[in-house]
Amino acid sequence: MPVLFFVLWIILNGRMTLELVVLGIVISAGVTFLAYRMAGYIPENDLRMIRNFPLFVVYALNLLLEIVKSAATVLGTIYRADEPEPVFIEFHSGLRGTLANVILANSITLTPGTITVFQEGDHFLIHCLHPEYAEGIEDSSFIRLLRKMK
Numbered sequence: 004m005p006v007l008f009f010v011l012w013i014i015l016n017g018r019m020t021l022e023l024v025v026l027g028i029v030i031s032a033g034v035t036f037l038a039y040r041m042a043g044y045i046p047e048n049d050l051r052m053i054r055n056f057p058l059f060v061v062y063a064l065n066l067l068l069e070i071v072k073s074a075a076t077v078l079g080t081i082y083r084a085d086e087p088e089p090v091f092i093e094f095h096s097g098l099r100g101t102l103a104n105v106i107l108a109n110s111i112t113l114t115p116g117t118i119t120v121f122q123e124g125d126h127f128l129i130h131c132l133h134p135e136y137a138e139g140i141e142d143s144s145f146i147r148l149l150r151k152m153k
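Here is the structure:
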């Protein structure tokens with residue numbers, strides 16, 4: 004986190020001089036200390052984020068691919084003037100941790116044709132435009148990738 008603060012400092016200043024670098028190091032250290040003391044910042048989380056970064060990139064690319072595929076499917080449904088057959092599906096993701104479940108809920112909502120109606124813990128209620136959209140959602144690529152992240 005202190006490195007990110009420092010990089011942000013340099014970017015926002017727009018130039019790099021010795022005094023800005025020294026001041027940036029001091030301010031970055033101070034902000035990190037305040038985050039540690041007041042916001043409950045834990046330095047081990049930085050290591051976990053660095054370790055999971057490649058998986059995060061794969062997850063983001065997978066999300067983009069799923070959005071494009073779903074958009075094409077929904078567009079085809081609209082083009083053929085098919086009547087939607089809305090369905091609700093409930094399932095448990097089996098993911099531990101609030102962040103992983105929130106990421107999954109948002110990923111489902113970002114994918115055209117599906118909306119996360121309710122999420123509490125690992126319990127989800129999903130609205131799908133067609134029953135086919137709900138097939139395999141309990142073991143989707145999103146869940147498999149999120150399980151790999153620690």
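Numbering of the sequence shown is given in our numbering, commencing with residue 4 and proceeding in unit increments.
Note that CB positions come from ideal geometry on N, CA and C, so glycine has one too.
Exercise for review: Could you tell me whether the Cβ atoms of isoleucine 92 and alanine 137 are closer together than 8 Å?
Suggested key: Locating residue 92 in the sequence shown gives position 89, where the first residue counts as 1. Locating residue 137 in the sequence shown gives position 134, where the first residue counts as 1. A contact, by the Cβ cut-off of 8 Å.
Review point. Of the residues Phe94, Leu67 and Leu7, which one's Cα is nearest the Cα of proline 115?
Key: Mapped onto the sequence shown, residue 115 falls at position 112. Distance check between proline 115 and each of Phe94, Leu67 and Leu7 places Leu67 closest, using alpha-carbon atoms only.
Review point. Helix, strand or coil: how does DSSP classify leucine 128 here?
Key: As a first step, residue 128 is located in the sequence shown; it is residue number 125 there, counting from the start. Here leucine 128 sits in strand by DSSP.
Practice item. Between the Cα of proline 134 and those of Thr80, Thr101, Arg150 and His126, spot the shortest distance and give me the residue it belongs to. Key: If you number the sequence shown from 1, residue 134 lands on position 131. When each option's Cα is compared against that of proline 134, the closest is Thr80.
Practice item. Name the residue from Phe94, Phe8, Met52 and Gly124 whose alpha carbon lies nearest to the alpha carbon of glycine 33. Key: Counting from one through the sequence shown, the residue named residue 33 turns up at place 30. Out of Phe94, Phe8, Met52 and Gly124, Phe8 has the C-alpha closest to the C-alpha of glycine 33.
Exercise for review: Throw me the rounded Cβ distance for the valine 77 and leucine 132 pair, which I believe falls under 8 Å.
Suggested key: On the sequence shown, position 74 is the one that residue 77 refers to. On the sequence shown, position 129 is the one that residue 132 refers to. Contact annotation, valine 77 with leucine 132: C-beta distance approximately 7 Å; criterion of less than 8 Å satisfied.
Exercise for review: Identify the continuous alpha helix (DSSP H) that holds isoleucine 81 and give its terminal residues.
Suggested key: Your numbering for residue 81 matches position 78 in the sequence shown. In the DSSP assignment, isoleucine 81 falls within the unbroken alpha helix (DSSP H) covering 47 to 82.
Review point. Relative to the C-alpha of glycine 124, which residue among Pro5, Asp142, Asn104 and Ser143 is closest?
Key: Here residue 124 is taken as the residue at index 121 of the sequence shown, counted from 1. Of Pro5, Asp142, Asn104 and Ser143, the residue nearest in Cα terms is Asn104.
Point to revise | Member of Ser31, Ser73 and Arg54 whose CA lies at the smallest distance from the CA of lysine 151 | key: On the sequence shown, position 148 is the one that residue 151 refers to. For the residues Ser31, Ser73 and Arg54, the minimum Cα distance to lysine 151 belongs to Arg54.
Exercise for review: Can you tell me which of the three DSSP states threonine 119 falls into?
Suggested key: Along the sequence shown, read from residue 1 onward, the residue named residue 119 stands at position 116. Three-state DSSP puts threonine 119 in a strand.
Point to revise | Option nearest glycine 100 by Cα separation, candidates Gln122, Thr112 and Ile111 | key: For this step, residue 100 is matched to residue 97 along the sequence shown. Of Gln122, Thr112 and Ile111, the residue nearest in Cα terms is Gln122.
Review point. First and last residue of the alpha helix (DSSP H) that includes isoleucine 106?
Key: Walking along the sequence shown from the start, residue 106 turns up at place 103. Start and end: 101 to 113.
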